[in-house]
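Q: Okay, handing you the structure first.
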Amino acid sequence: MPTVLITGANRGIGLEFARQYKADGWDVVATVREHSPELNALGVRVERLDMRNLGSVAGFGERLDSLDLLIANAGTYGPKSPESGADGEEWLATFAVNTVAPYLLAKSVLPLVERVGGKLVAVSTRMGSIEDNTSGGYIAYRSSKTALNSAWKSLAIDNRDKVTCAVIHPGWVQTRMGGRSAPLSPEDSVSGMRKVIEDMTQADTGAFFSYDGSQIPW
Numbered sequence: 000m001p002t003v004l005i006t007g008a009n010r011g012i013g014l015e016f017a018r019q020y021k022a023d024g025w026d027v028v029a030t031v032r033e034h035s036p037e038l039n040a041l042g043v044r045v046e047r048l049d050m051r052n053l054g055s056v057a058g059f060g061e062r063l064d065s066l067d068l069l070i071a072n073a074g075t076y077g078p079k080s081p082e083s084g085a086d087g088e089e090w091l092a093t094f095a096v097n098t099v100a101p102y103l104l105a106k107s108v109l110p111l112v113e114r115v116g117g118k119l120v121a122v123s124t125r126m127g128s129i130e131d132n133t134s135g136g137y138i139a140y141r142s143s144k145t146a147l148n149s150a151w152k153s154l155a156i157d158n159r160d161k162v163t164c165a166v167i168h169p170g171w172v173q174t175r176m177g178g179r180s181a182p183l184s185p186e187d188s189v190s191g192m193r194k195v196i197e198d199m200t201q202a203d204t205g206a207f208f209s210y211d212g213s214q215i216p217w
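The C-terminal residue of the sequence shown carries number 217 in numbering that gives the first Met the number 0, and the numbering is unbroken.
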């Protein structure tokens, strides 16, 4: 039975990933910062992990015995238009959660995933694409996801013959971050992403996908 590690699984996209993989018979390890009754009801393994605690993130692989798939989903928006020193500190914190922590976690679990020729996937966003940015705004979120994309691309190159690495855009989804007016339900977004992940081969390592399987420019 394969094992998947999902971060930020207490609600939204992460919770739906946990629900769908559990329903398909996977062993699910779901990380949360806060208690989640919905997640606990799924009967998955729940681990407390604060992505702001980089020491805990970097050592998380020691908690696992095996792993086939990492889905680094946890993320935060940060300040939309930072101006003050306090905004700058919050911007740095956004980088820690959205960029540094996912990379450190991937490195932590890499030996386990390499053992089975598995996959390391980060949930990014089209808003992290420099070429696709025509509207500006959301400075902290955009820049941290652009940096995540760059870090994951290097992760893919550095481990080209060991694992498959990719970043994936979930679409505009009806979550707390996406809002009620978003066109995609979490169920449809996650179903699409799961198909992309399942279909990925070593030839796709280092790619930037959308939930519908199309590729997004960097």
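We treat Cβ as the ideally placed atom computed from N, Cα and C, and that holds for glycine.
Which same chain residues, not among the five before or five after P169, have their C-beta less than 7 Å away from its C-beta?
A: I12, V122, S188, M192, Y210.
Q: Taking the beta strand (DSSP E) that L69 belongs to, which residues open and close that run?
A: From DSSP, the beta strand (DSSP E) with L69 extends over 68 to 71.
Q: In chain order, what residues of the same chain lie with their CB nearer than 7 Å to the CB of V99, ignoring the 5 residues before and after it?
A: So the list reads L53, once near-sequence residues are dropped.
Q: Whose C-beta lies closer than 7 Å to the C-beta of G117 among residues of the same chain, with five residues either side of it excluded?
A: Correct list, in chain order: L66, D67, L68, V162.
Q: With a Cβ-Cβ cutoff of 9 Å, do Y76 and A165 count as a contact?
A: Cβ atoms of Y76 and A165: not closer than 9 Å.
Q: Just confirm the distance between the C-beta atoms of F59 and L104, as a whole number of angstroms; I'd bet it's less than 8 Å.
A: Confirmed, Cβ separation roughly 6 Å.
Q: At which residue ranges does the segment 101 to 186 contain complete beta strand (DSSP E) runs of 3 or more residues, listed in the order of the chain?
A: Qualifying beta strand (DSSP E) stretches, in chain order: 118 to 122, 163 to 168.
Q: So for S55, helix, strand or coil by DSSP?
A: Here S55 sits in helix by DSSP.
Q: Along the chain, where does the beta strand (DSSP E) that runs through R47 open and close?
A: Residues 44 to 47.
Q: Are K194 and G136 touching if we call contact CB-CB under 9 Å?
A: Against a cut-off of 9 Å, the Cβ pair of G136 and K194 comes out as no contact.
Q: Return the first residue and the last residue of the alpha helix (DSSP H) that A22 is part of.
A: Counting along the chain, the alpha helix (DSSP H) containing A22 begins and ends at 11 to 22.
Q: Would W217 and E130 qualify as a contact pair, given that the criterion is a beta-carbon distance under 9 Å?
A: Yes, these two residues count as a Cβ contact at 9 Å.
Q: Is N39 buried or exposed, if buried means 16 or more other CB atoms sit within 10 Å of its CB?
A: With fewer than 16 Cβ atoms within 10 Å of its Cβ, N39 is classed as exposed.
Q: For L4, report the span of its beta strand (DSSP E) as first-last.
A: From DSSP, the beta strand (DSSP E) with L4 extends over 2 to 5.
Q: How big is the Cα-Cα spacing for A92 and F208?
A: The straight-line gap from Cα to Cα measures roughly 26 Å.
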